[in-house]
Every structure is written in C-alpha cells, then in structure tokens.
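Below is one structure; the comments refer to it alone.
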Ligand code: TXE
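Written out as structure tokens, the structure is:
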C-alpha cells in the first residue's frame, strides 16, 4: 500500500482513521472511546485495524526506512520541533481530550500534554547532536570510526495510563535517530494517540515514516512484535513477557517497561509534612494509575501513627470527581475492569490482614468509575497487597523498626522501578541510594513524577532492555557500526 496523502484523517462517518503509508485508512471495526467520568459521554469513534492492515503498516514502514534513515538530521529536528510547538499551542484542547478519555484531572492531563511536547523538542535536539567517535587504530595509518545507525522498523506498543507522554517518549527518539515506526496505542485511549500522530504527520513526516494502527492487542500485537527490527513496549508484566518471547523469536531488540510495587520509606527523622506530601502525591496522583506509584509505604515505628493519621486525613479530604470539573483532585478509575481489579485487592487486603481506610465505591452525578482513595494499614510484607501491583488509588503501610528493616522491606520485591526515602539523615539517604535495588531512587520527593531529559527505567521484573528517555534512549534506537579506514597508497 502506498500513501497518496489525499485521504482525510476523519472519515465522513466521523470515524478517526489509521495512518498507513501516509494514507488515512478505515479499519475493519470501530472502537468507541468512552469517558470514565461519565460513561454516557462518547469521546469519539476510532477505526480498529485488522491483522492484514498491521502487516501493511509494517511493510509501509519498511519501504520508508531507507529514505528516512538517510534524511537530514535538520529535517528530523524541524519536524519534531514543529510538532512539539503545535502540541504546546493546543495544550488546553489536548489536555481536555486526555482528561476526558483517561480520567486524570485536567491539571494532570495538561501537564502530561506539555511534557509530551517537551519530549518531542528534546529529541528534536538529539537528532542534531553528534553521537560518533573517530579515533586512531592500534595499527599505523588506520583510523577507526564508530558511528550509529538507525535500527530499522520499530513497533511501539503503549498502555492507557499516559495516553500521550508514553507514545511521545518512544516515537520521538525512534524518529529522531532515523527509524520508521508502527505505533499501536492502547484500546482505551485512542484519541490522544491519534492527535499525536496527526500532528506529527502534519509537521511534514514523509509517507510511511510513522504508521498508526489502532487495534486490539490480541488481534494485531503478535504481528507487530514478530515483524519489526525493534519493539518498545509499556504495559503489564503478563503482556510484556509475551511481547518479549515473540520479538526475541524474530531476533528483534526489545525494550519493556512493566509493573512496579514501589516502596516509599519514611524514617523517624523525616519531616512529617514532606513525608505526607510525598505519599499523597505518589500514591494517589493520576488516581494511582502509574507504574511509579508509591504503593508500599514503609514507615518507621516512631513516626508511624502520626504519619498514618495525617495521611489519612489528607487522603480522605481529596475531592474525587469528574476529571474535568474545577476542584477535582482525583479523577475516576479508567474503566470497569480496572475498578473491579482495585476493589478485588481492597477486599483481599481487608481479608488478609489490614485495616482499610477509605476505598469505598463513590456515586457522583454522572455514571463513572469513582473510587475513594484507600490506605491499608497494619499489613505484612508478604501480604498480597504488598506483592502485586494494584494500579489504582490504593497504598499499604508496613511498619518497621528502623532503617535496616526498612531497606530490607523496600528491596523485598520482584519489581524494581522506583524507590523513595523521606529522611533528614544524609547518611541514610546516601546508603539507600547505593543499596536500593530499584532503577530510580527518590530522596524527599515522590516516587512518581520524573524528568524527560534523564534515563527512565527499572530493574528485575519492572523493566527489560536499555533505558528509555534522555540521551540514554540512543542506546535502544540506534545500532553501532565500527569502520576501519586506511588512506591507501598515495598517488
Ligand atoms: O495492559 P496490557 P492493560 C497493568 C495494570 C493493569 C493491567 C492491564 O495492572 O490493570 O496491566 O492493563 C497491548 N501483543 N498495567 O490491559 O494488556 C495492549 O493493546 C502485543 C501496568 O492495558 O499489558 C496495549 O496497547 N501487544 C502498566 C498494551 O499492550 C499487546 C501500564 C498494554 O496492555 C498484546 C499498563 C499482545 N499479545 C497496565 N496484548 C504500568 N505499570 O505502567 C495486549 N497488547
């Protein structure tokens, strides 16, 4: 399939189309995007791609690969920079759309949109930065050039919890370093992803450099993971393992970001306000639907009761409501199945050991997936609530005797994305930074909320492959070539 650039992004039936080879194409079915704050509000209709269309998208990306790989870094800079500017100009509209389809608050959603724009602009700059080396060989008269080339076709598969930022932080470096992309967003949040692609395409990408196939993971996932040169995935551990097996069988390079069970340690010497702020923001921001959420609060005995009292008070005072309403501090859960998962873990925690504060299903004017934030106190490290990712506004408290036990509990997880500590002790903070088994460590700041110009990623079951974001993204999205150059005989 070749693009003719003449089709409209939105069909006469109002359905938002997929982008394949530069052409906006109808799908084989329609996905209705629904507002989790008000399920009677239909956000929009989005074309679902078939397996055949996914194959066509990979073929289109492959056909476009040599041209895009050979394009001027200046062109790549200009396109990514222009798209970033357009997103900044549209941040209110895009933020509103994001809050409407995903359910995070308007402030959080606009913040995410701005972050996506900054990510595009950062990687625009990266396209122009030198990445090679020229050095003398150990043999006389010979030079060695170490250069970086694009990997080829990259499949990008993203989850629903950051509908524009995660796609941006994968697509931007992929394109900046000269790869072509086939992008499959999560079924729950096609609108933000579609807008991102439309803006990038309108900024001047050649046909086939970026392809959008909105489709169900079970229908098109395996096609995308088994036919690309590289696969970048964020989502659940279960799907991540499947993606890994499929991509490795095809000898594609793989980058996975998956779950977390992130600890926030609070020592006796902590500033109580800082501790409560970090926990509140880390556990309940974005309705707790973040891989970096502070889901385990590991609290020293001397501060435990005061901390729980203050955090509970602040947590129960959070205004839960329509994501886009003024005054809302926590939006709804993303959908019915995530709500059921959250409630299942709350019930399990109550049955296993803990006392659950909050955690009730809430009714609001509109029919939405509203859940009161929950704090589970009196838990043991081995409880299910401390081992499995809930992915909702639910945090648990484990009381410990002191720093050594806190460190052991914090590291006692199969995951390893982020870990935080709240303390005024330089020694404890320094030791925690060295001995934490997480890929990202936070001292007196929330475990969630990261910068885009530095590496992002974890260890153990949380992540696989090279880090995302910042300069480090180059590792995954380029492959190294070593050239030996002798001048030859003169004349
Ligand atoms: O994830 P999936 P879902 C966790 C969280 C959540 C649960 C399920 O607990 O409740 O996962 O969420 C695509 N081949 N996290 O269902 O299935 C899918 O279409 C290739 C935590 O959204 O992993 C989507 O685009 N791709 C996590 C993407 O994978 C496939 C963030 C992620 O979907 C596929 C998200 C397949 N066979 C969920 N099947 C975090 N910690 O950040 C599905 N997909």
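In the numbering used here, the protein residues as written are 487 to 977. Just so it is clear, CB atoms sit at the ideal spot from N, CA and C, and this is done for glycine as well.
Here residue 661 is buried, its C-beta having at least 16 other C-beta atoms within 10 Å. Under DSSP, residue 972 shares a beta bridge with 628. For residue 562, the closest C-alpha among the options 690, 586, 885, 544 is that of 690. Taken atom to atom, the span from the alpha-carbon of residue 815 to that of residue 858 is near 11 Å. Following the DSSP letters along the chain, one finds residue 927 inside the beta strand (DSSP E) bounded by residues 926-929. C-alpha of residue 510 to C-alpha of residue 682: approximately 14 Å in a straight line. Ranking 601, 904, 642 by CA distance to the CA of residue 782 puts 904 first. In this structure, DSSP gives residue 656 a helical state, which the three-state scheme calls helix. Note that the segment 687-707 does not touch the segment 519-529; fewer than 3 beta-carbon pairs, one per stretch, sit closer than 8 Å.
Shown here, residue 697 sits in a strand according to DSSP, grouped into three states. Per DSSP, reduced to three states, the secondary structure at residue 860 is strand.
Only residues of its own chain outside the window of five on either side were considered, and among them 798, 861 have a CB closer than 6 Å to the CB of residue 843, listed in chain order. Between residue 540 and residue 701, the CB-CB gap stays under 8 Å. Listed in chain order, the non-local C-beta contacts of residue 947 below 8 Å within the same chain comprise 723, 744, 745, 900, 901, 902, local neighbours out to five positions each way being set aside. Cβ-Cβ distances below 7 Å link residue 730 to 740, 742, 950 in the same chain, with the five nearest sequence neighbours on each side left out; the list follows chain order. Distances taken from the Cβ of residue 647 to the heavy atoms of ligand 1 include one shorter than 7 Å. Boundaries of the alpha helix (DSSP H) around residue 538: 537-555. Inclusion of residue 750 and residue 876 in the CB contact set at 8 Å is not warranted, their separation being larger than that value. The C-alpha of residue 658 lies about 43 Å from the C-alpha of residue 885.
Taking the CA atoms as reference points, residue 634 sits about 15 Å from residue 552.
Using a Cβ distance threshold of 8 Å, residue 895 and residue 762 do not count as a contacting pair.
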